[in-house]
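Participant: Quick one: the structure is below, and I'll ask about it shortly.
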Amino acid sequence: MSARVGVLALQGDVREHERVLGALGADVVRVRRPDELAAVRGLVIPGGESSVIDKLARQFGMREPIRSAISAGLPMYGTCAGLILLADDIVDGIAGQQTFGGLDVTVRRNAFGSQVDSFETDLDVPALGAPPVHATFIRAPVVERVGAGVEVLAALGDGRVVAVQQGALLGTAFHPEVAGEQRFHRRFLDLVLAA
Ligand code: GLN
1129 MSARVGVLAL
1139 QGDVREHERV
1149 LGALGADVVR
1159 VRRPDELAAV
1169 RGLVIPGGES
1179 SVIDKLARQF
1189 GMREPIRSAI
1199 SAGLPMYGTC
1209 AGLILLADDI
1219 VDGIAGQQTF
1229 GGLDVTVRRN
1239 AFGSQVDSFE
1249 TDLDVPALGA
1259 PPVHATFIRA
1269 PVVERVGAGV
1279 EVLAALGDGR
1289 VVAVQQGALL
1299 GTAFHPEVAG
1309 EQRFHRRFLD
1319 LVLAA
């Protein structure tokens, strides 16, 4: 696997994604500028704070290039804040918060409130097979509405959707990368190779 892929490096847990993608043999670069985006065949949008990534993307002139890349079918994988940024609609964003969009879903930001704002659980992800994914949720969103073209990859025991895919866009409410889980990143790289 030698495809060059990028991690959006405006804010968030960039290094953890670089580590997993590198371990899978990808050629990984940090993306902060439009010319850097133009040089990659796929983009990971890390977790962090979606409202900050949104603001910085606008300041760095990255919002429109990212939206164009999504329209053009560039594979992307968003974790947590990254999922929020890929969602067409958000609930409980800060005033004026925008997303890049692309995934026909509505995501509720900080859906677990302050009492259980972070937790870990083992999640069955049928598309990835056994064993379950060790999923780390950190002030995580949930997917509240799933559009017709969107595949649900995983839900919590109570039915709340936490992983989705629509075409070349993949999103998880949790962070697989912090526990070294590689299968979502492998799936992303498969999308890159297929594109
Ligand atoms: N709560 C954060 C947000 O709104 C997401 C947290 C995370 O990415 N771990 O962007």
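Counting in the working numbering, the sequence shown runs from 1129 upward without gaps.
Quick reminder that beta carbons are idealized off the backbone N, C-alpha and C, glycines included.
This structure is a prediction, so every number in the text was calculated from the model and none was measured.
With hydrogens ignored, establish whether the beta-carbon of I1173 is closer than 7 Å to any heavy atom of the ligand GLN.
Facilitator: Here residue 1173 refers to the residue found at position 45 when the sequence shown is read from its first residue. Not so, every heavy atom of the ligand GLN lies at least 7 Å from the Cβ.
Participant: For V1168 versus R1132, is the C-beta distance shorter than 8 Å?
Facilitator: Locating residue 1168 in the sequence shown gives position 40, counting from the first residue. Locating residue 1132 in the sequence shown gives position 4, counting from the first residue. Closer than 8 Å, so yes.
Participant: Excluding the five sequence neighbours on either side, which residues of its own chain have a C-beta within less than 7 Å of the C-beta of A1177, listed in chain order?
Facilitator: Residue 1177 sits at position 49 when you count from the first residue of the sequence shown. Ala is not the amino acid found at residue 1177; the sequence shown has Glu there. Cβ neighbours of E1177 beyond the five flanking positions: Q1139, A1209.
Participant: State the start and end residues of the unbroken alpha helix (DSSP H) segment that holds S1242.
Facilitator: One-based indexing of the sequence shown puts residue 1242 at position 114. Unbroken run through S1242: none, as it is neither H nor E.
Participant: Of the residues L1231, L1213, P1304, which one's Cα is nearest the Cα of F1265?
Facilitator: Residue numbering aside, residue 1265 sits at position 137 when the sequence shown is read from its first letter. The shortest C-alpha separation from F1265 is found at P1304.
Participant: Measuring CB to CB, does A1215 end up less than 8 Å from V1233?
Facilitator: Walking along the sequence shown from the start, residue 1215 turns up at place 87. Walking along the sequence shown from the start, residue 1233 turns up at place 105. Yes; because the gap between Cβ atoms is below 8 Å, this pair is in contact.
Participant: Short check: CB of R1158 to CB of G1134, under 8 Å?
Facilitator: Taking the first residue of the sequence shown as 1, we reach residue 1158 at position 30. Taking the first residue of the sequence shown as 1, we reach residue 1134 at position 6. Contact: yes.
Participant: So for I1194, helix, strand or coil by DSSP?
Facilitator: One-based indexing of the sequence shown puts residue 1194 at position 66. Of the three classes helix, strand and coil, the one that applies to I1194 here is helix, per DSSP.
Participant: Measuring CB atoms only, is the region 1242-1250 touching the region 1264-1278, in the sense that at least three cross pairs come out at less than 8 Å?
Facilitator: When Cβ pairs closer than 8 Å are counted between the two stretches, the region 1242-1250 is seen to touch the region 1264-1278, the count reaching three or more.
Participant: Where does G1134 sit, in a helix, a strand or coil, going by DSSP?
Facilitator: Counted from its first residue, the sequence shown places residue 1134 at position 6. Shown here, G1134 sits in a strand according to DSSP, grouped into three states.
Participant: Give a yes or no on contact between the region 1148-1157 and the region 1185-1198, applying the rule of three or more CB pairs nearer than 8 Å.
Facilitator: Contact fails: fewer than three Cβ-Cβ distances are below 8 Å.
Participant: DSSP three-state label for D1216, please.
Facilitator: Here residue 1216 is taken as the residue at index 88 of the sequence shown, counted from 1. It is a strand residue.
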